[in-house]
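Numbering-wise, the sequence shown is residues -19 to -1, 1 to 394 according to mature numbering (1 follows the signal peptide of the UniProt record, and there is no 0).
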Amino acid sequence: MRRSIVGLLALTLATSASAQPPAGQPPAGQPPAGNRGPGGRRGTPIKPGEQCPPGTTEIRPNNCMAPEAAPPSILDYRPRSTLVTAAHLVPRAKYPAIDFHGHPQGLLGSADGVAQLVASLDSLNVRMMVAADNMSGDRLTRALAAIAASPHKDRVRVLAGIDFRNVGPGWADRAIKQLEADVAAGAVGVGEISKSFGLSIRKPDGSRLKIDDPELDPIWDACARLGLPVFIHTADPEEFFQPIDYTNERWLELSLFPERRYPQDRFPSFEQLMTERDNLFRRHPKTTFVAAHMGWHANDLPRLAKMLDAMPNVYTEVGAVLYDIGRQPRAAHDFFVKYQDRILFGKDSFQPEEYPYYWRVFETRDDYFDYYRPYHAFWKLYGIDLPDAVLRKVYFANALRITRRLPQTGWPK
Ligand SMILES: [Zn+2]
């Protein structure tokens, strides 16, 4: 399957006359490698283990052929699924959920905005949004005032931001003071610490601020002392750090959004960032960390399992990685059951119509259904059929347990 998709991509992209063909592609205008092999035999033979030539696909073992018609581009190939199977749409979560990864996009600016946000949340059975907009000082106080002024004050909580600019002598004292003030104003945790921490933020001397920089140690210790979970987004999907060729799973996304590429000459590698992140987690065992986006290991659950086993202070959150959870329903089911105390629900980008895809993956055993963002994933999703006890923990109980400042009453027993 993988090979034939790659072949299709290869041919399609090589037919664009203006672009220089990437390595391994036939020059523009030249037909793909032959449909007639030696002696008139159909197809092009390959040796065992070899890939088919660009523009062809393996039709029999070790024999490749090009399609007769010009193949569609990956944008235009939209096969209609003929699979007839039960479909269970889940517009509302089975239990009231806490969205730990909220970006309410300006709706916290006024009591009207809060009312609009809450109307959306009601329709989804999200009882509480934790706004992870890295707010601090005046901005945080204004958001908290708008929430307090609305009749929905128990529906939204806010995380405090940390300003990583100018890390040097005196920085930690200032940052801790600000954090204490933000907590006194009503912040319930820290975050979302953005991916720029690690990828691009610099110290005054111009060097990259490393995630495990010891000058930051006092702030992480302060988070432990104040009982604040630290919600942190590190790096991005590993494919964003890889060359953009036709084997890259995120080719389309990286081509649509070039700013998501992290070429090695300008950015630290994925592994470098993961190493620094894990050093941070390990060095502060009393601080609770929540690794956003399943730490970008949702495509490598054994790695995430190892991390959770080794570091009991680490939790994880599912925002924006549904495409990886839903493509491995059996492994993901087992992972969620085993680590049911360590996983929090979060959505990231606030698009109310997208939440039901999460509910469907978590709550049903549906087969082969569409994901909401086709450029993320060239595959379908499957339900992972979580037991009720696990759903309750992932939807709200874990977030309540690690965030003692969240309203603790009124949740299902
Ligand atoms: Zn986020």
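Even glycine gets a Cβ: it sits at the ideal position worked out from N, Cα and C.
Residues sharing a beta bridge with residue i, DSSP
i	result
T345	DSSP, once it has assigned bridges, lists no residue as partnering T345.
C45	T25 and E39
R247	Per DSSP, none; premise fails for R247.
S330	H84
A272	I213 and T297
A141	M116 and V171
R183	R189
L325	E298
Y362	Reading the sequence as shown, one finds Leu at residue 362 and not Tyr. Beta-bridge pairing links L362 to F350.
Exposed unless 16 or more other CB atoms sit within 10 angstroms - verdict on residue i
i	result
V171	buried
Q389	exposed
A216	buried
R311	exposed
E344	buried
Q6	Confidence at Q6 is low in this model, with a pLDDT of 46, below 50, so its placement is unreliable and no value can be given for it.
F262	buried
Y58	exposed
R231	buried
T63	exposed
G142	buried
G30	exposed
G179	buried
K394	exposed
Beta-carbon gap between residue i and residue j smaller than 8 angstroms
i	j	result
S175	N115	yes
A156	V107	no
M275	T297	yes
F248	L235	no
F317	V271	no
V295	I324	no
D322	A301	no
T122	A205	no
L102	L88	no
E173	H214	yes
W392	P77	yes
D194	H265	no
S131	V95	yes
I55	L233	yes
R341	L70	yes
E219	V148	no
A166	L125	yes
8 angstroms CB neighbourhood of residue i in its chain, flanking five on each side removed
i	result
R308	A358, W360, K361, L362 and Y363
residue 470	With the chain covering -19 to 394 only, the question about residue 470 has no answer from this structure.
R385	G208
S250	F222
I200	I143, A153, A156, I157 and L160
A286	F316, K319 and Y320
Assigned secondary structure, residue i (DSSP; H/G/I helix, E/B strand, else coil)
i	result
L190	coil
L367	coil
L70	coil
Y174	The question names Tyr, but residue 174 is Ile in the sequence shown. In this structure, I174 counts as strand in the three-state DSSP scheme.
Y296	strand
V148	coil
R155	helix
L387	coil
L372	helix
A78	strand
I200	helix
F316	helix
F350	strand
V65	coil
L56	coil
R231	coil
R108	strand
R263	helix
I128	helix
Q97	helix
N280	coil
K287	helix
Cutoff 6 angstroms; reference residue i; Cβ partners in own chain excluding five residues on either side
i	result
T66	D348
Y304	Y352, H357 and A358
N379	L325
Y243	F221 and F222
A313	I306 and I365
A14	Below a pLDDT of 50, predicted positions are generally treated as unreliable, and A14, at 49, falls in that range; no measurement from the model is reported.
L367	F317 and F343
I182	F145 and L190
Cβ neighbours of residue i in the same chain (closer than 7 angstroms, five flanking residues each side left out)
i	result
M292	F262 and R263
A113	H82, G83, H84, L140, G172, E173 and F212
I128	L89, V95, K134 and V137
I383	P210, T269 and Y296
P12	Bear in mind that the predicted position of P12 carries a pLDDT of just 46, short of 50, making it too unreliable to give a figure here.
CB contact check: residue i to chain C, cutoff 8 angstroms
i	result
L372	Absent from the structure is chain C; it holds one protein chain and no more.
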